[in-house]
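I have placed the structure first, in the form of structure tokens, so that the comments after it can refer back to it.
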Amino acid sequence: MKSKYVFKAHNLLLLAVVALLNFLGILILQSASNMDTAIVSKQIFASLTGYAVCTVIMFLDYNRIMRYSNIIYAVTIGILLAVIIMGVAHKGAGRWIVLPVIGQIQPAEFAKVGIILFFAALFGKREGHINEPRILIPSVLLFGLAAILVFVEPNLSTTLILCVIFSAMLFTAGLDIRIVLAVLVVGGLLTAFIMFLFSTDKAGLIPFIKDYQKERIMSFLYPDQYSDTFFQQRNSIMAIGSGGYFGKGLFNTDISSVKAGNFLIEEDTDFIFAIIGEELGFRGCMGIICAYILLILLMLWIAMKSKNLSGAIICTGTAAWIGFQTFTNIAVAIALFPNTGVTLPFFSRGASSLLALYIGVGIVLNVGMQSKD
35 MKSKYVFKAH
45 NLLLLAVVAL
55 LNFLGILILQ
65 SASNMDTAIV
75 SKQIFASLTG
85 YAVCTVIMFL
95 DYNRIMRYSN
105 IIYAVTIGIL
115 LAVIIMGVAH
125 KGAGRWIVLP
135 VIGQIQPAEF
145 AKVGIILFFA
155 ALFGKREGHI
165 NEPRILIPSV
175 LLFGLAAILV
185 FVEPNLSTTL
195 ILCVIFSAML
205 FTAGLDIRIV
215 LAVLVVGGLL
225 TAFIMFLFST
235 DKAGLIPFIK
245 DYQKERIMSF
255 LYPDQYSDTF
265 FQQRNSIMAI
275 GSGGYFGKGL
285 FNTDISSVKA
295 GNFLIEEDTD
305 FIFAIIGEEL
315 GFRGCMGIIC
325 AYILLILLML
335 WIAMKSKNLS
345 GAIICTGTAA
355 WIGFQTFTNI
365 AVAIALFPNT
375 GVTLPFFSRG
385 ASSLLALYIG
395 VGIVLNVGMQ
405 SKD
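Count along the sequence shown starting at 1, add 34, and that's the number in my numbering.
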């Protein structure tokens, strides 16, 4: 019997781009952590584990996986509830839980995969009916439950990423363009109103934003007045600018280095792009950004060639996840966005993030191996 799984050029290229980003990520992390063996070894182990998991998932029919979509959703809600009940706090946010043998994990990262799989199955079964209130309203409510659980950790940045993922999946499922435009208008007006409150020093009227989040936004709007909070982004810009076109070289320890002078905080997570800019320069930054763009385009190409709507939604949701998270991290590093605490996919330290990304990539590859032609 002929196998239904067929490797194609876009599958191999996608896998190669992911491997390249992960390899470069380990090199940059090694420099950002000042050759910390423990951090680098853990990242390498997570990379190898993620690659193995990706390989296994690549050959698991995504249609069979989605038969258990209700269980996947229940587990997703369960681990998010576990964070609220028994979460481990770090810098004011309880986003982690500790499991026996496995150790500390961040459930919100795996929730991204769970949300993508659940709604890909749901929308795939209701193809052509997404605009009906009996389908759309329950879908929004089910997503809202997961998003609220992430938001109250508190984890506003991941909540926004989940919203972008869900929006991309709705659009792919055929959401009426009039609803899309209405949501964009309402969202734009709400954002403008919130920024107006911050500009008039009435941010205290916004009940759902924590004090540290307000301080980050205020430092973004008024960097001179909130220099103590804005210094991370100011130093990040300084590091990127100092790299020039060619960069100062990987593992640079020059006395003039922003990294070597310990002027960066969270340089191995939130601000790792500053290390890329300083050590690899403009050409290195653009090369990595082009690799991300290629990765996203390949996922969208696989979505277009998917044999059913569920596969297309999986690919689109994963592309939106990686694309928006990458854009947000870089935007924070160059002060286009307020500091959000979003990591750079395949580069920033974090086993949970890396493993979740590889699971997502594995499912996309499975969709690609069963494409139309």
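Every residue gets a Cβ at the ideal spot worked out from N, C-alpha and C, and that includes glycine.
The three-state secondary structure of VAL398, taken from DSSP, is helix. Going by DSSP, GLN138 is part of the beta strand (DSSP E) stretching over 137-139. For ILE348 against PHE157, the beta-carbon gap comes to about 10 Å, at or over 8 Å, which does not count as contact. For GLY277, the CB contacts under 6 Å within the same chain, skipping 5 residues up- and downstream, are GLY311, GLU312, GLY315 in chain order.
Put simply, the backbone Cα of TYR256 is about 19 Å away from that of GLY375. Taken atom to atom, the span from the alpha-carbon of GLN64 to that of ASP70 is near 7 Å. The three-state reading of DSSP puts VAL214 in helix, counting H, G and I together. By the Cβ neighbour-count rule, GLU143 is buried, with 16 or more other Cβ atoms within 10 Å of its own. Rounded to the nearest angstrom, the gap between the Cα atoms of ILE111 and LEU183 is 8 Å. In this structure, PHE381 places its C-beta atom within 8 Å of the C-beta atom of GLY59.
Per DSSP, the continuous alpha helix (DSSP H) segment holding MET272 begins and ends at 261-276.
Boundaries cannot be given for MET69, as no alpha helix (DSSP H) includes it and DSSP labels it neither H nor E.
ILE356 places its beta carbon 8 Å or farther from that of GLY402. The alpha-carbon of LEU54 is positioned some 35 Å away from that of LEU115. Distance from the CA atom of ASN373 to the CA atom of ARG250, rounded to whole angstroms, is 6 Å. Listed as beta-bridge partners of VAL132 by DSSP are GLN138. Non-local beta-carbon contacts of ALA354 in its own chain, meaning distances under 6 Å to residues more than five positions away in sequence, involve VAL198, ILE199, ALA202 in chain order. Between ILE73 and ARG268, the C-beta gap is not smaller than 8 Å, which leaves the two residues out of contact.
Residue LEU284 holds the alpha-carbon nearest to the alpha-carbon of LEU61 among PHE280, MET100, VAL186, LEU284. Using a 10 angstroms sphere on the CB of PHE41, the tally of other CB atoms stays under 16, which defines it as exposed.
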